[in-house]
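A.B. asks:
Residue numbers (my numbering): 2 to 262.
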């Protein structure tokens with residue numbers, strides 16, 4: 002049996018793909034590159050990257066194509082054109098880093114929400130025990146345009162509730178809030194509903210607060226505790242979402258609590 006040898010590029014041509022040079026445009030120049038004697042195109046990253054990225058190295062999801070460059074159909078048409086000319090591609094898929102400025106990076110968002118107990122924490126080079134004690138088990142994000150107090154006074158930091166989850170909004174950034182701290186908002190919500198202690202939704206909210214107390218900490222590294230945290234925090238979110246949908250009073254009390262904060 003004749004042994005197949007791996008394809009070895011003999012002449013590559015670099016393509017910088019972005020919203021100004023798309024899959025369709027790359028397809029159109031394949032015949033020209035073939036005439037030049039190019040055996041393979043050397044493609045820049047074309048996975049989902051931060052919004053408006055022109056270089057593509059700040060990837061937020063390695064499993065999705067960058068919609069700004071084109072659709073899956075556009076991509077397939079480009080690849081088909083390469084094959085029609087017996088050409089291949091070398092892809093810079095950036096295995097060693099990702100972009101963390103985009104909330105669509107679900108791995109990074111999970112780390113911000115769950116800290117050391119995130120299932121994705123080992124993939125990031127984070128010093129969880131720095132010399133500065135105040136930063137231990139935390140991630141410092143240098144994203145504020147001014148001193149923290151001034152940003153806070155101007156009301157630029159907003160806590161938002163959506164789909165059973167609390168987020169911190171700052172400009173176009175949407176950052177997750179640690180589930181264990183939900184209780185600060187929910188305790189104020191409970192106070193706002195003090196005149197409805199006999200209602201079932203009041204007891205349900207108390208039950209959710211109790212569940213939060215027993216949620217494994219975000220500093221947990223024990224696999225069993227991490228699994229428990231992943232399971233329980235999502236159950237708590239679903240319960241909270243369902244309670245707000247079934248009892249508008251809870252939603253109203255929560256909105257009032259957020260305004261008070």
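Each residue gets a CB set at the ideal place from its N, CA and C atoms; glycine is no exception. Note that this is a predicted model, so its numbers are computed, not measured.
(1) The beta strand (DSSP E) spanning residue 121 covers which residue range?
(2) Could you tell me which residues DSSP pairs with residue 126 in its beta bridges?
(3) Report all residues from its chain with a CB closer than 6 Å to the CB of residue 101; omit the five preceding and five following residues, and keep chain order.
(4) Have a look at residue 187 and residue 205 and give me their C-alpha separation to the nearest angstrom.
(5) Under 8 Å: do the stretch 61-75 and the stretch 16-28 share three or more Cβ pairs, one atom per stretch?
(6) Is it buried or exposed, residue 149, if we count other Cβ atoms within 10 angstroms and call 16 or more buried?
(7) Checking 7 Å against the spacing of the C-beta atoms, do residue 194 and residue 254 come in under that value?
(8) Taking the C-alpha atoms as reference points, what is the distance between residue 23 and residue 70?
(9) Start and end of the beta strand (DSSP E) containing residue 170?
(10) Helix, strand or coil for residue 213? Go by DSSP, reduced to three states.
(11) Determine whether the beta carbon atoms of residue 217 and residue 114 lie at a separation below 7 Å.
C.D. replies: Walking through what the data contain:
(1) For this step, residue 121 is matched to residue 120 along the chain shown. Note, residue 121: premise wrong, no beta strand (DSSP E); not H, not E.
(2) On the chain shown, position 125 is the one that residue 126 refers to. Answer by DSSP bridge pairing: none, since residue 126 is not bridged.
(3) In the chain shown, counting from the first residue as 1, residue 101 sits at position 100. Taken in chain order, the residues that qualify are 109.
(4) Along the chain shown, read from residue 1 onward, the residue named residue 187 stands at position 186. Along the chain shown, read from residue 1 onward, the residue named residue 205 stands at position 204. Those two C-alpha atoms are separated by around 11 Å.
(5) yes
(6) Position 148 of the chain shown, counted from the start, is the residue given in the question as residue 149. Exposed.
(7) In the chain shown, residue 194 corresponds to position 193, counting from 1. In the chain shown, residue 254 corresponds to position 253, counting from 1. Yes, the Cβ-Cβ distance between residue 194 and residue 254 is below 7 Å.
(8) The count along the chain shown starts at 1 and reaches residue 23 at position 22. The count along the chain shown starts at 1 and reaches residue 70 at position 69. The straight-line gap from Cα to Cα measures roughly 5 Å.
(9) Position 169 of the chain shown, counted from the start, is the residue given in the question as residue 170. Start and end: 166-171.
(10) As a first step, residue 213 is located in the chain shown; it is residue number 212 there, counting from the start. Residue state, collapsed to three classes: helix.
(11) As a position in the chain shown, residue 217 is number 216, starting the count at 1. As a position in the chain shown, residue 114 is number 113, starting the count at 1. Result no, Cβ atoms of residue 217 and residue 114 do not sit closer than 7 Å.
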